[in-house]
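In our numbering, the protein residues as written are 305 to 1101. We put the beta carbon where it would ideally sit given N, CA and C, even for glycine. Here the structure is a predicted model, which is why all the values come from computation and not from measurement.
Okay, here's the thing in structure tokens:
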């Protein structure tokens, strides 16, 4: 009767030996490949050790346990040598070996081996105990965490007193809270002591959901405005909603009935802009301002139009353009639907409406211009233009002149200082992004730069180029933040410009001279034939860019097997640090095309002279694809479905480009976390004071595991005078509140969909609300929805 159990135990031993042998073969084969690429020999050695262990198990030798113990001990030593005591870097190096070691301890395995198995078993127990201790120690501290406390007296006492005496601003009148792009509110009802009590006050569902004819880049990125009793927001199809700020009830909506199809690269509305006619106001021509629409909203659309709407009724302002709208494709020779899209709100000033837009990326060198234009804010008449790719940027379109095809475009949000008479526009690169061999000198001048333009004339006052001869899509993505810095020399009007590279450039916004050094440093050379690279690039002394080059040791995976594959992929790519040129071999771009900063920007408390930032970093792969049967030199059909990833044709150049995130076979980043963090800057010293990883993999993992790895995000932070910073843009569906002083997480709440937007706050009926738009992001992979949600403290009416 005992024969059957004994046979089962023997079969278990043999099956274990087979599994260990398969693991050994996989590691040894991959290890040989990695060693041939000058990579770590560990995987080859480990594979051989597993194969020998499998043979010893098959012949029932207790030495199998001794050898496996030695492998585990060596693995721990090697792992700590490579990455230190960082739990998330150590975990994939042992998440297969440790469970297998525990399995070998069971009597139905260990007791089936030769005499001496008991001592060998205790040796394995000891090694596993050491492994548990090592993992426990690594969990107790985060070597990537920067602890610190912002100075309590960041602002002078008199400045704080003046701020306290000033009228509290209860509205949120522009995308960034105001024209300075600070994402700051001086409301202070919600504090770090009571924020934990926030409850959902109201929720509104727009009904605007992704349809079968929409592109993958279907995104809810809006930051609402609040003026008076109404909240204004827009949905991906550019439908505008006016809601009662205190209740969320719909007052009116406007649907522009946009033309669109799946080939659009974006389906996005980041927000609307607001203008109120002041008493005695005049038009750009000096005539009295019309009485029509004294409070108006401006709505850009993905099919290239701009609407002016009555903020009280939602009806088009008939005197603006053609019955309330203007065609932004006018002045361009190329008017293909979807090639020019208005995704970000314009800038409003007392007389001039300043408009820019997004141009299709990496499709062709024959795309619309990204010209910035100034229109009469009442009539919609074109007053000036700044066409960055033209020898004379201010040349106006006419019957004999079109804007320059492929001029650098300002797709993100601009900031404005009306006292200085300047608008600050962050520019992208000339199209296409990843090849510049045929860019003209005119297109290169302002490529990936910030331009400061005269509001009245559109003439250039100054500019700063963040990347020279950009081959990496490292454009200026963020709305710059303006702040008046107080110091021993008095007040300096500054501008903080977050860049995809992780640099934050700090300049005097009057003339563009650097306030924080950004020396030029040599960068890798060797562009593809027909192109070139700039010999140097600017590197700001205030930066979140990686301090060291990415290394093989930083490759990651959910197991040691996909980590091995990531190591092989890393070794096969071209990578010499930041600004390694694109190549046919495939280039690792780090920081990647998402950028360390995106359109969300940073949040600035101008009273305390501090800023909150949410940098991220995910490597990309950029591979040039020579022309051939699958990559023709000219389009032979409609332009491809809307996307910014995958193969991009780049017609008019010698190559297409295959762009993608650097992922393991299991579709997780090949670089070890953290991938995203929240941080604080002291603007008086321009130093990073604290930085903590933010976000979990709860909504990305197969199981809802709330592991706080620090995840990618889209959307920026918001900060209040109550000492609280809010953030929603992480890949997990949460709104979070942080203590501004030290970054401690104070409160969080689950969202019904992805929160890839920037939150805002306002006061209505004596109560402070925090509002977030939660509809997800198609290409980012978060849950889609159509929610506008407002939080407030309970009990106050």
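Excluding the 5 residues flanking residue i on each side, which residues of the same chain have their C-beta closer than 7 Å to its C-beta?
i: residue 846; result: 808, 810, 820 and 990
i: residue 1049; result: 1040 and 1042
i: residue 746; result: 693, 694 and 695
i: residue 1047; result: 982, 984, 994 and 996
i: residue 551; result: 506
i: residue 1085; result: none
Can you give me the Cβ contacts of residue i inside the same chain, cut-off strictly under 6 Å, excluding the 5 residues immediately before and after it?
i: residue 1053; result: 1039
i: residue 1096; result: 505, 1071 and 1073
i: residue 674; result: 663, 711, 712 and 713
i: residue 575; result: 479, 526, 527 and 649
i: residue 419; result: none
i: residue 345; result: 339
By the DSSP assignment, the alpha helix (DSSP H) with residue i in it spans what residues?
i: residue 385; result: 367–387
i: residue 407; result: 401–409
i: residue 392; result: 391–398
Hey, is residue i's beta-carbon within less than 8 Å of any beta-carbon in chain B?
i: residue 420; result: Absent here is chain B; the protein component of the structure consists of one chain.
If residue i sits next to residue j, beta carbons under 8 Å apart, how far is it from one beta carbon to the other, in whole angstroms?
i: residue 950; j: residue 960; result: The Cβ separation is near 10 Å, so there is no contact.
i: residue 578; j: residue 613; result: With a Cβ gap of about 10 Å, residue 578 and residue 613 do not count as contacting.
i: residue 562; j: residue 512; result: The Cβ separation is near 11 Å, so there is no contact.
i: residue 1019; j: residue 997; result: Between residue 997 and residue 1019 the Cβ distance is about 17 Å, and since that is not below 8 Å, they are no contact.
i: residue 900; j: residue 921; result: 6 Å
i: residue 659; j: residue 610; result: 6 Å
i: residue 487; j: residue 1023; result: 7 Å
i: residue 656; j: residue 678; result: 5 Å
Can you tell me which of the three DSSP states residue i falls into?
i: residue 928; result: strand
i: residue 898; result: coil
i: residue 537; result: strand
i: residue 1095; result: strand
i: residue 421; result: helix
i: residue 650; result: coil
i: residue 1089; result: coil
i: residue 1067; result: strand
i: residue 645; result: strand
i: residue 752; result: coil
i: residue 659; result: strand
i: residue 584; result: coil
i: residue 602; result: strand
i: residue 338; result: helix
i: residue 780; result: coil
i: residue 320; result: helix
i: residue 963; result: strand
i: residue 679; result: strand
i: residue 615; result: coil
i: residue 531; result: strand
i: residue 818; result: strand
i: residue 1078; result: strand
i: residue 332; result: helix
i: residue 796; result: strand
i: residue 785; result: strand
i: residue 914; result: strand
i: residue 954; result: coil
i: residue 556; result: strand
i: residue 903; result: coil
i: residue 1083; result: coil
i: residue 440; result: helix
Ends of the beta strand (DSSP E) at residue i?
i: residue 769; result: 764–769
i: residue 578; result: 577–580
i: residue 620; result: Counting along the chain, residue 620 falls outside any beta strand (DSSP E), and DSSP gives it neither H nor E.
i: residue 812; result: 808–812
i: residue 548; result: 544–548
i: residue 922; result: Unbroken run through residue 922: none, as it is neither H nor E.
i: residue 1132; result: Given that the chain is displayed from residue 305 to residue 1101, the structure contains no residue 1132 and the question cannot be resolved.
Spatial neighbours of residue i within its chain, please: CB distance less than 8 Å, with the 5 preceding and 5 following residues excluded, ordered by chain position.
i: residue 621; result: 596, 597, 600, 612, 613, 614 and 628
i: residue 557; result: 543, 544, 545, 546 and 618
i: residue 1098; result: 501 and 503
Mind pulling the alpha helix (DSSP H) runs of 4 or more residues that sit fully within the region 698–744?
-> none
What are the uninterrupted segments assigned as beta strand (DSSP E) that are 3 or more residues long and contained completely in the region 966–1052, given in chain order?
-> 981–986, 991–997, 1022–1024, 1028–1031 and 1038–1043
Write down every uninterrupted run of the alpha helix (DSSP H) in the region 824–892 whose length is 4 residues or greater and which is fully enclosed by it, in chain order.
-> If we require 4 residues or more, the alpha helix (DSSP H) runs fully inside the region 824–892 come out as 864–876.
What are the complete alpha helix (DSSP H) segments, minimum 4 residues, inside the region 340–367?
-> 346–362
Ignoring anything shorter than 4 residues or poking outside the region 447–518, list the alpha helix (DSSP H) runs there in chain order.
-> 461–469
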